[in-house]
Structure formats: structure tokens, C-alpha cells
Amino acid sequence: MKSLIVLRVACLSVALLLCGVTTRPAASQTEQASQTAHTAARRTVPALLVSDIHFDPFHDPAKAARLVDAPASEWNAILAEPPSPDQATAFAALQQRCGARGVDSSYALLQSSLTAARKEAPDARFITVSGDLVVHNFPCRFAALASGKTQSDYTAFVEKTIAYVTAELRRTFPGVPVYVALGNNDSGCGDNRLDGGSDFLAAVGKDVAAGLPGTMSSKERAKALADFAASGSYNVRMAAPMRRTRMIVLDDLFMLTQYATCGGKPDRSVAIAQIKWLRTQLDEARRHKQRVWVMAHIPPGVDIYSTFAKMSNVCGGDAPAMSLSSDALGDVLAEYADVVRLAIFAHTHMDELRLLGPGRGVQGAKSGTVAVKMVASISPVNGNNPSFTVARVNTASATLADYAVFAASNKTGVDTVWSKEYDYGATYHAAAVSAVALGKLVGEFRRDPDATTAASQAYIRNFVVGDRSSLIKPLWPQYVCGMSQDTAKGFAGCVCPAGK
């Protein structure tokens, strides 16, 4: 019998060879990831994720007065003119006067980034802009270059700058839905200040609504405009090919720790109303078995660099610095993790991943973990190279299947070459940006406090786009705790485990 089995095996081997069939070794992890990414690409659609553009209409100071007087529709003609003879000197003086720490996005950089985005994502089915469309230090710059103007003039110019940036996105990607969130610099009365129910929000709401899906009914559009005028928030059905999916956008400036009204007073009433509103929207989505993407500018969680820059002794009982004034936003998202497929934030200007939910003790049978993508900035103000993210979205599950980050070769937009930095799926051998996948990735990072694995080194390398100085490596264990522990208690428990 044994001889018969051997003979049959030998005959089968010969037959396979005669038919041109050969055996292959098992695919490597990299090959498997590549195959998975290829399969995912066939059932996904592209999307463009951009953030923190921080467009500077004052980059050529001599043009500022003309921009103030001209409608946004005429700005390109002014901005495209050759630089003024004293542009460099005048801009340097303005930077010094306003105490600027770096240079934000000029007209050249804005146009370079839009051209590159169009090249890399020509078939994008939608675009997300996760806040901070206007330059830092806007009040100081306006006061220096538009003397004699009123507060109303200032507010109108901020709104016009936002209108210009959003219109440029629509011009570059005609007919493509553009979902926009405001950031802490997108205010008609100064950084970190804003009034709910203001004329400014009502005006900006019209700019934002111009990019929303054309398939919206007049009733849906009116509701979005009313919600935006109240608090910079809105909830819309995402256009096809997305299925049964909603985009919920919040202006979480009102939740910022440093937030104040235009009059300079602390006030949490709008933030409280936003959380109540968000819960209502998520309840409705759950009832109708819809999936949700949530987008805002400032992520819930610990501000790690502020915490350690202040030499806070977290293990000695000092409270870590928190980005938001309460845990309410993270609590609600975790409570509705069965509904929320992805949360998009930004603000740090870095390329980051996070998790919301683990270990926070949120009540409710549905509470769980939410995947977070933090989009790196176009603005190079923090020393990073400008970048944008091209995503692949699974329309059937409303999940972020994969993404690639594209970065500029310099910070100016002049003679700039854009190229791919990395692919998420190929780098981390993950099939999707999901809570499960990110949980595994963060677990791997926690088991690697010295950042010796390929995954840890890749994350550190790509954290600051275009910078290879390994900025976060000295704080790697603490940073990893912040990736998945977004409450002060959870962060302290991770950084300072009992008995260590």
C-alpha cells in the first residue's frame, strides 16, 4: 500500500509539471498585504483628505488691501501676479511683528498642493477638510495691513478667505462633494474665540454648503445651514457611491480648553448643546441602521507635548494637559461605536492614528472602540513638509480601507515635487483602518517600548511628514499610551502602571 501511495504522489507531481503547474512557498507577510490591498482596491473608491491648510492672504503684504476690497472670485487674478518688489522684506517684518513661529501656506503652496492632489486623486469621490483653513495670527496681520478697518471688516475678511479656499477646492474638483469642518483659527473674532449663533457662522455656512452633495433636498440643506449657524455643526447623507452613510461635522472649538466667546469669557453652553445634538444625530443613525463618519478639528485626548513640556509629573499625581475641556466627545463616540465607522481629526499637523474608547468605562451595551485618522497639514508652519492623504474607502462597509500620504519636496510650493511617503496597508500589514486593526497595531507598539520593530520605526519616521529626526522617539511609550487612552485617568494608568 505504501508503494502505491508513493507511486500516486509521484504521478500527480509529474502531471502537475506537465500541465505547467508548480508549487509555491507560502506568501510572505508583505506579499499577503499587497494582495489584500489589491483586492480591497477593486471594491473601494478614492477620497481626498486634507487639513490645516492655513492659507495666508497676507503673504505678499502689498496685495492685502486689494484683497480686502475685492470679492473672493477675483482673488486668483491678484494673487497670481508676480510678487511685489519688497515682498520678502515686508513679509519678514510682518512675521516679526506678529511673533509668527513659522510660515503658513502661500498662494504658490496652495496651488501646488491642489494641482498635486488632482494628479494623485483624479477620481476622488469626496473630499474632507478637517479644519483650520486660514493663517495663524490673522488678527495681528489684518491690523497691520488693513489700518482703519472695523471689527466687521475683519470678520468679513476671514469669511472671504474661507470662501476663497473652499471655492478653490471645488474648482479643482468640480462636482465632487467637499465636507468642511472649521478649526480653532477659523473664527471671525480671533484664535480660539467664537460665538454660537453668530452672523459669521451663518455666512461661512453658505460657503460650506456650496460644496455639499447636490443630491441633498432643500429641506436637508436648510437644516444643515441652520445647524451650522448655531454651532458650526451639520449632519448630511454622504453622496453615492457611499451607502447608508452620514457625515456628521462638529466645530469643536467650543469644546477647546482655551475657548472663550468673542467677548473673552469662558462659556460651555454651546459645547454642551453640541454634545446633546451629536447624541441625537447618532441615535437617529442607529435607529435607521446607518453608518456614520464624524469629523472635527481637535481630537479628544491628552496633549502629550504640552504635558511633558510643562514637566508635568503625571505619575506623581499631576494632571496631564487635555486638548478638550471634558471627555464628553470621546464618551459619546465610544458609546456609539456600533454606528461610528471612522472619526477624522487634525490640529497637530502630524500624521497620526488613534483609538477612542478602550478602558474609559462608558456605560451602555453598544459602547466600544472607534478608529481615528488624524490628517497631516498642508501648512509647513511646524517644520513638517506639506502633505495630503489619498484614501481608499469601502463603500459597502463605510470603512477606511487604506490610505497613502503624499508629501512635498519643500515648504514653498515653488518648483515643488510631490511624491508618496507611504501606504498604510503595506506599511502596517493591515487590511483596513478599523478599530480592530488599530487595536492590534497599538498593542504591538506597547510591547515595543524601545521602538525596535519595523512598524514602530515606520510610525515614528512618518509622524512628522518629511522630517526624519524621530521627533517622538524619546517619548515613544508615553505617546503610545496617548494613542489609545484619551482620558486623564486612562493615560495616567497606562504611563504609570501599578507596581512600576
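Positions 298 to 797 (the numbering used here) are the ones given, in order, by the sequence shown. From the three backbone atoms N, C-alpha and C, an ideal C-beta is built for every residue, glycine too. Fair warning: this is a prediction, and the values are worked out from it, not measured in the lab.
Please determine, among the options, the residue with the shortest C-alpha to C-alpha distance to residue i.
{"i": "S674", "options": "R438, L346 and A732", "result": "L346"}
{"i": "K586", "options": "A695, H594 and A523", "result": "A695"}
{"i": "C559", "options": "A616, S484 and A507", "result": "S484"}
{"i": "D624", "options": "T554, H594, R588 and S603", "result": "T554"}
{"i": "R422", "options": "F388, V475, G428 and A693", "result": "V475"}
{"i": "Q782", "options": "P379, Y404, L653 and P419", "result": "L653"}
{"i": "V567", "options": "M535, V636, D504 and S495", "result": "S495"}
{"i": "R467", "options": "A453, V432, A507 and L479", "result": "A507"}
{"i": "D429", "options": "I757, D349 and T645", "result": "D349"}
{"i": "F497", "options": "G529, T469, A521 and G472", "result": "G529"}
{"i": "E417", "options": "P746, V714, P655 and V733", "result": "V714"}
{"i": "R638", "options": "D648, Q571 and R540", "result": "R540"}
{"i": "S622", "options": "V400, D549 and Y461", "result": "D549"}
{"i": "G472", "options": "A521, S449, A441 and A537", "result": "A537"}
{"i": "N681", "options": "G614, E718 and L697", "result": "E718"}
{"i": "M544", "options": "T447, V636, K573 and Y721", "result": "V636"}
Could you tell me whether the Cβ atoms of residue i and residue j are closer together than 8 Å?
{"i": "S753", "j": "F760", "result": "no"}
{"i": "A344", "j": "A704", "result": "no"}
{"i": "S410", "j": "P677", "result": "no"}
{"i": "A405", "j": "V591", "result": "no"}
{"i": "N489", "j": "A557", "result": "yes"}
{"i": "F551", "j": "V432", "result": "no"}
{"i": "D250", "j": "T452", "result": "One cannot answer for residue 250 here, as it falls past the ends of the chain, which runs 298 to 797."}
{"i": "A643", "j": "S402", "result": "no"}
{"i": "F355", "j": "L391", "result": "yes"}
{"i": "A478", "j": "L547", "result": "yes"}
Around the C-beta of residue i, are 16 or more other C-beta atoms found within 10 angstroms, so that it is buried, or is it exposed?
{"i": "N691", "result": "buried"}
{"i": "K457", "result": "buried"}
{"i": "E632", "result": "buried"}
{"i": "Q288", "result": "Because residue 288 is not part of the residues shown, which for the chain are 298 to 797, the question remains open."}
{"i": "T512", "result": "exposed"}
{"i": "A582", "result": "buried"}
{"i": "G787", "result": "buried"}
{"i": "V672", "result": "buried"}
{"i": "T784", "result": "buried"}
{"i": "S370", "result": "exposed"}
{"i": "Q660", "result": "Here the model assigns Q660 a pLDDT of 45, short of 50, so the residue's position is not dependable, and the following value carries that caveat. Burial call: exposed."}
{"i": "S706", "result": "exposed"}
{"i": "W744", "result": "It is worth fixing the name first, because residue 744 is Arg in this sequence and not Trp. Under this definition R744 is an exposed residue."}
{"i": "D580", "result": "exposed"}
Helix, strand or coil: which one does DSSP assign to residue i?
{"i": "L768", "result": "coil"}
{"i": "S566", "result": "helix"}
{"i": "N759", "result": "helix"}
{"i": "F525", "result": "helix"}
{"i": "F703", "result": "strand"}
{"i": "T724", "result": "helix"}
{"i": "Y404", "result": "helix"}
{"i": "R321", "result": "Any reading at R321 must be qualified, since the residue scores a pLDDT of 40, below 50, and its modelled position is unreliable; the value itself is stated next. Coil."}
{"i": "L509", "result": "coil"}
{"i": "N691", "result": "strand"}
{"i": "L373", "result": "According to the sequence provided, residue 373 is Asn. The question's Leu does not apply to it. The answer is helix: DSSP assigns N373 an H, G or I state."}
{"i": "P436", "result": "helix"}
{"i": "L575", "result": "helix"}
{"i": "A359", "result": "helix"}
{"i": "T412", "result": "helix"}
{"i": "R588", "result": "strand"}
{"i": "Y556", "result": "coil"}
To the nearest angstrom, how far is the alpha carbon of residue i from that of residue j?
{"i": "V739", "j": "H726", "result": "13 Å"}
{"i": "L626", "j": "A359", "result": "43 Å"}
{"i": "K607", "j": "D600", "result": "11 Å"}
{"i": "S514", "j": "V533", "result": "10 Å"}
{"i": "A377", "j": "V777", "result": "44 Å"}
{"i": "T709", "j": "R576", "result": "42 Å"}
{"i": "L768", "j": "A519", "result": "45 Å"}
{"i": "K670", "j": "P379", "result": "38 Å"}
{"i": "P510", "j": "K770", "result": "42 Å"}
{"i": "T749", "j": "P794", "result": "22 Å"}
{"i": "V667", "j": "M780", "result": "12 Å"}
{"i": "F454", "j": "V611", "result": "43 Å"}
{"i": "A618", "j": "A593", "result": "19 Å"}
{"i": "S563", "j": "A789", "result": "Here the sequence assigns Pro to residue 563, which means Ser is not the residue at that position. Looking at the two C-alpha atoms, the distance is approximately 27 Å."}
{"i": "G487", "j": "R651", "result": "29 Å"}
{"i": "T341", "j": "I424", "result": "15 Å"}
{"i": "Y531", "j": "F525", "result": "6 Å"}
{"i": "A374", "j": "A367", "result": "10 Å"}
{"i": "A729", "j": "A701", "result": "12 Å"}
{"i": "A443", "j": "G598", "result": "38 Å"}
{"i": "V792", "j": "Q775", "result": "6 Å"}
{"i": "P746", "j": "V365", "result": "52 Å"}
{"i": "F685", "j": "L491", "result": "28 Å"}
{"i": "D383", "j": "G399", "result": "19 Å"}
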